[in-house]
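Before any comments, here is the structure.
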Amino acid sequence: MARLLVTGGAGFIGSNFVRYAIARTDHHITVLDALTYAGNLQSLAGLPENRLRFVKGDIADPQIVDELVRDTDIVVHYAAESHNDNSLADPRPFLDTNVVGTFTLLEAARKYDTRFHHISTDEVYGDLELDDPQRFTEATPYNPSSPYSSTKAGSDLLVRAWVRSFGVRATLSNCSNNYGHYQHVEKFIPRQITNVLRGVKPRLYGQGLNVRDWIHADDHSSAVLTIIERGVIGETYLIGADGEHSNREVVEKILVLMDQPRDAYELVTDRAGHDLRYAIDSTKLRTELGWAPAFGEFDEGLADTIRWYRDNETWWAPAKENTEAFYASRGQ
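Counting in the working numbering, the sequence shown runs from 0 upward without gaps.
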């Protein structure tokens with residue numbers, strides 16, 4: 000049993016990790032979350048109160064962070080501003096949370112010699128050409144293209160510096176695009192699913208040719224637990240499930256799984272600086288730590304996600320109208 004502090008634990012991948020860890024370990028978990036628009040306490044509903052504590056607060060607040068890290072065995076750092084479109088509209092919150100927030104947590108981990116795991120994204124590596132046979136590896140140079148990915152790259156570099164300069168006991172992971180339960184409807188897959196549920200055609204940026212490497216949030220959670228338990232201090236591990244699909248392919252799969260015509264979607268204005276392709280090589284994680292995804296087929300995980308959104312409209316409906324109004328203002 001360990002005492003975990005999970006930052007951003009009321010967000011999408013953070014809440015999935017909390018649920019996954021409580022179901023499969025005897026860890027006690029404290030969640031620190033600022034409950035911005037992307038945080039939702041309902042994502043933690045029903046979990047045992049004797050093993051879960053919630054604290055509302057900002058990871059850039061040194062007083063709150065110091066008090067919590069002092070009584071923690073492992074910090075699992077999910078909290079981040081993470082939406083590319085939002086970072087293009089207003090970059091400042093991404094600097095405050097992703098850079099200053101990570102610095103604040105690292106200083107507390109250094110003070111109390113607390114084990115630290117940092118969650119990051121494959122977007123720090125930039126993008127690949129659609130026909131490039133290569134995938135991102137732990138040795139791929141950083142080449143971020145948005146305020147979001149550049150601030151995540153900055154946070155990664157802070158963690159590495161604190162390991163080398165101060166001996167902080169940290170590991171890092173960079174993951175491909177997550178999908179699954181409890182994801183905000185602003186994100187690509189839940190937006191398309193909930194549009195279909197509302198009788199609205201899904202919408203594709205540009206021609207829908209951009210490729211992402213998809214992984215179910217449960218598989219991401221299992222990989223993070225594996226790294227916490229068996230990862231080598233100072234090492235970075237890439238997490239992916241060999242789930243490369245173009246945005247068009249994803250939308251068409253959603254439509255077919257929801258008994259709609261395959262081509263019942265609309266093309267909308269492309270995102271500025273839209274990365275072409277992400278692709279993860281997770282060989283190191285699989286061979287050195289023995290991890291493998293449970294959702295071997297993307298269609299299986301996608302069907303599971305569709306069922307969840309169909310059954311949980313009360314969770315996602317409150318945010319749907321404002322989300323679509325935002326996209327409509329951009330012609331998207």
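Idealized CB from N, CA, C, for every residue including glycine.
Small disclaimer: the values here were computed from a predicted structure and weren't measured.
Proximity winner among the options, relative to residue i (alpha-carbon distances)
| i | options | result |
| --- | --- | --- |
| GLY13 | THR313, ASN194 and TYR181 | TYR181 |
| ASN176 | GLU128, ILE118 and HIS26 | ILE118 |
| ALA108 | VAL158, ASP89, GLY125 and PHE93 | VAL158 |
| LYS151 | THR35, THR96 and THR313 | THR96 |
| PRO140 | PRO132, ASP130, GLU122 and TYR147 | GLU122 |
| GLU287 | HIS26, ARG229 and GLN133 | ARG229 |
| ILE305 | VAL223, ASP112 and LYS252 | LYS252 |
| LEU127 | LEU104, GLU299, TYR277 and GLY300 | TYR277 |
| ILE214 | THR225, VAL54 and ALA293 | ALA293 |
| GLY339 | ARG18, ALA33 and ARG23 | Residue 339 is absent from the model: the chain starts at 0 and stops at 331. |
| ASP112 | GLU48, PRO90 and THR71 | THR71 |
| PHE297 | SER245, PRO90 and ARG329 | SER245 |
| SER145 | ARG69, THR313 and ASP274 | ASP274 |
| VAL249 | ARG2, ASP212, LEU104 and GLU66 | ASP212 |
| SER172 | VAL64, ALA222 and VAL210 | ALA222 |
Nonlocal neighbours in the same chain, by C-beta distance under 8 Å from residue i, ignoring five residues either side
| i | result |
| --- | --- |
| ARG202 | ARG190, GLN191, ASN194, TYR264, GLU265, LEU266, VAL267, TYR326 and GLN331 |
| ALA291 | ARG285 |
Paired residues, beta bridge with residue i - DSSP
| i | result |
| --- | --- |
| PHE135 | ILE279 |
| TRP161 | Per DSSP, none; premise fails for TRP161. |
| LYS151 | The partner list for LYS151 (beta bridge, DSSP) is empty, contrary to what the question assumes. |
| ALA169 | PHE115 |
| LEU266 | LEU203 |
| SER328 | For SER328, which the question treats as bridged, DSSP gives no partner whatsoever. |
| ASP32 | LYS55 |
Sequence-distant residues of its chain with Cβ nearer than 6 Å to residue i (five each side left out)
| i | result |
| --- | --- |
| GLY10 | ALA37 and GLY38 |
| ARG168 | ARG114 and ILE232 |
| VAL99 | ALA59 |
| TRP307 | HIS180 |
Anticipated Cβ contact below 8 Å, residue i with residue j, distance rounded
| i | j | result |
| --- | --- | --- |
| HIS116 | ILE227 | 5 Å |
| ASP241 | TYR19 | Wrong, their Cβ atoms sit about 20 Å apart, outside the cutoff. |
Below-8 Å beta-carbon distance, residue i vs any chain D residue
| i | result |
| --- | --- |
| ALA37 | Any reference to chain D falls outside this structure, which holds one protein chain only. |
Proximal residues to residue i (C-beta, below 7 Å), its chain only, five neighbours per side dropped
| i | result |
| --- | --- |
| SER81 | TYR147 |
| THR136 | LEU237 and ASP280 |
| PRO90 | PRO146 |
What runs of the beta strand (DSSP E), each 3 residues or longer, lie entirely inside the segment 164-231? Runs found: 169-174, 176-178, 202-204 and 210-215.
Threshold first: 4 residues or longer. Then list the alpha helix (DSSP H) segments lying entirely within the segment 64-123, N to C. The qualifying runs are 83-88 and 101-111.
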